[in-house]
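Residue numbers (UniProt numbering): 1 to 316.
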């Protein structure tokens, strides 16, 4: 495993991170379907054994369940890892999820996450989505984050799904240690403005969905379908004509992967890690093979010709 420093002030973390969205299981709107908790624990332990030190979850994943599973899986090894979670999405008794970046809500959420994770500090606390519901200013959210750092409950502060203007507002309050954007071969938009901005400001980047939620797994065909409880069943990129186009692109990308004697998922992760702004690529995990089969990507160095060829396919 290789490691990189998270921004200008952060810790060193593994270049491949453990993503735990699906570990939240079923019973909420953005579920990946049912999940065996013991298989989730086994996956975390397998990643630990291979030197993976960055574990990313969120309060909303499984409406708290993902945090509980991650905390249990890490157990006494919690101090060996950089544990990241997210706030800003809250839910009611009917499981309706809303965005809330207000000062008091962020502080309450942190206490709940600490309890579920079974820890007394969070290494990286991230605002999950911009608050477009209460319309709390980004500066207010950052003040709450800074309070958590001052109180010793959080060590580093990050944001997810922010654009440059929101980052600029956040930076007026305190340094933002990391940004977590969607970034993949099929979703390269952040390369234009966001990643250069983060490089300039010393903000680490831990990208999510490098396999574009499975589209670059190499397992999809024109006939792939998803259970009704799986959010991908409602995704234009994973159904109908969108799926057909993405399967065609994936098949062409496989030829490049074969030249490097790697798999398509390994190519996908190696591509995002090739960008100098990237600290780590978060890979979604439901079973040990999902993380173990990706690890060789940490050692892959794609040349410029391959990168250009990949970009050309993605742009079609």
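Don't be surprised by glycine CBs; every beta carbon is placed ideally from N, CA and C.
Whose C-beta lies closer than 6 Å to the C-beta of residue i among residues of the same chain, with five residues either side of it excluded?
{"i": "residue 39", "result": "287"}
{"i": "residue 148", "result": "110, 154"}
{"i": "residue 218", "result": "264"}
{"i": "residue 73", "result": "41, 44"}
{"i": "residue 138", "result": "166, 169, 170"}
{"i": "residue 80", "result": "none"}
{"i": "residue 66", "result": "20, 23, 24, 57"}
{"i": "residue 174", "result": "142, 146"}
{"i": "residue 37", "result": "69"}
Roughly how many angstroms separate the alpha carbons of residue i and residue j, rounded to a whole number?
{"i": "residue 292", "j": "residue 257", "result": "18 Å"}
{"i": "residue 311", "j": "residue 47", "result": "30 Å"}
{"i": "residue 160", "j": "residue 126", "result": "6 Å"}
{"i": "residue 70", "j": "residue 197", "result": "32 Å"}
{"i": "residue 5", "j": "residue 58", "result": "22 Å"}
{"i": "residue 242", "j": "residue 30", "result": "20 Å"}
{"i": "residue 97", "j": "residue 112", "result": "16 Å"}
{"i": "residue 92", "j": "residue 151", "result": "27 Å"}
{"i": "residue 232", "j": "residue 225", "result": "9 Å"}
{"i": "residue 316", "j": "residue 307", "result": "15 Å"}
{"i": "residue 172", "j": "residue 140", "result": "11 Å"}
{"i": "residue 295", "j": "residue 268", "result": "12 Å"}
{"i": "residue 156", "j": "residue 101", "result": "17 Å"}
{"i": "residue 119", "j": "residue 68", "result": "11 Å"}
{"i": "residue 103", "j": "residue 90", "result": "13 Å"}
{"i": "residue 49", "j": "residue 164", "result": "37 Å"}
{"i": "residue 195", "j": "residue 26", "result": "33 Å"}
{"i": "residue 108", "j": "residue 135", "result": "18 Å"}
{"i": "residue 230", "j": "residue 35", "result": "12 Å"}
{"i": "residue 78", "j": "residue 193", "result": "35 Å"}
{"i": "residue 121", "j": "residue 51", "result": "21 Å"}
{"i": "residue 212", "j": "residue 115", "result": "31 Å"}
{"i": "residue 117", "j": "residue 309", "result": "43 Å"}
{"i": "residue 162", "j": "residue 188", "result": "15 Å"}
{"i": "residue 1", "j": "residue 266", "result": "14 Å"}
Given residue i, which residues of its chain have a CB within under 7 Å of its CB, disregarding the five upstream and five downstream residues?
{"i": "residue 272", "result": "183, 184, 207, 210, 278, 281"}
{"i": "residue 199", "result": "276, 277"}
{"i": "residue 190", "result": "181, 183"}
Taking all protein chains shown into account, decide if residue i is buried (16 or more other Cβ within 10 angstroms of its Cβ) or exposed.
{"i": "residue 304", "result": "exposed"}
{"i": "residue 142", "result": "buried"}
{"i": "residue 76", "result": "exposed"}
{"i": "residue 234", "result": "exposed"}
{"i": "residue 85", "result": "buried"}
{"i": "residue 8", "result": "exposed"}
{"i": "residue 249", "result": "buried"}
{"i": "residue 244", "result": "exposed"}
For residue i, which residues of its own chain have a beta-carbon under 8 Å away from its beta-carbon, when the five flanking residues on both sides are left out?
{"i": "residue 3", "result": "12, 13, 14, 15, 53"}
{"i": "residue 290", "result": "43, 283, 284"}
{"i": "residue 262", "result": "270, 296, 297, 300"}
{"i": "residue 221", "result": "247"}
Verify whether the separation of the beta carbon atoms of residue i and residue j is less than 8 Å.
{"i": "residue 33", "j": "residue 223", "result": "no"}
{"i": "residue 314", "j": "residue 186", "result": "yes"}
{"i": "residue 19", "j": "residue 284", "result": "yes"}
{"i": "residue 158", "j": "residue 180", "result": "yes"}
{"i": "residue 83", "j": "residue 61", "result": "no"}
{"i": "residue 255", "j": "residue 297", "result": "no"}
{"i": "residue 300", "j": "residue 260", "result": "yes"}
{"i": "residue 177", "j": "residue 10", "result": "yes"}
{"i": "residue 21", "j": "residue 95", "result": "no"}
{"i": "residue 129", "j": "residue 64", "result": "no"}
{"i": "residue 237", "j": "residue 251", "result": "no"}
{"i": "residue 133", "j": "residue 106", "result": "no"}
{"i": "residue 99", "j": "residue 131", "result": "yes"}
{"i": "residue 274", "j": "residue 253", "result": "no"}
Problem set entry | Runs of beta strand (DSSP E) wholly within the region 129-182 (minimum 3 residues, chain order) | 154-160, 178-180
Problem set entry | Complete beta strand (DSSP E) runs within the region 72-127 (minimum length 3 residues, chain order) | 82-87, 89-91, 97-99, 122-127
Exercise. Fully enclosed by the region 233-286, which alpha helix (DSSP H) runs are 4 residues long or longer?
Worked result: 240-259, 264-273
Problem set entry | beta strand (DSSP E) runs contained entirely in the region 43-69, provided each spans 3 or more residues | 54-56
Exercise. In chain order, which continuous runs of the beta strand (DSSP E) of length 3 or greater are located wholly inside the region 199-224?
Worked result: 204-208
Problem set entry | Sequence ranges, alpha helix (DSSP H) only - wholly within the region 286-315, length at least 4 | Counting only runs of 4 or more, we get 288-292, 304-315.
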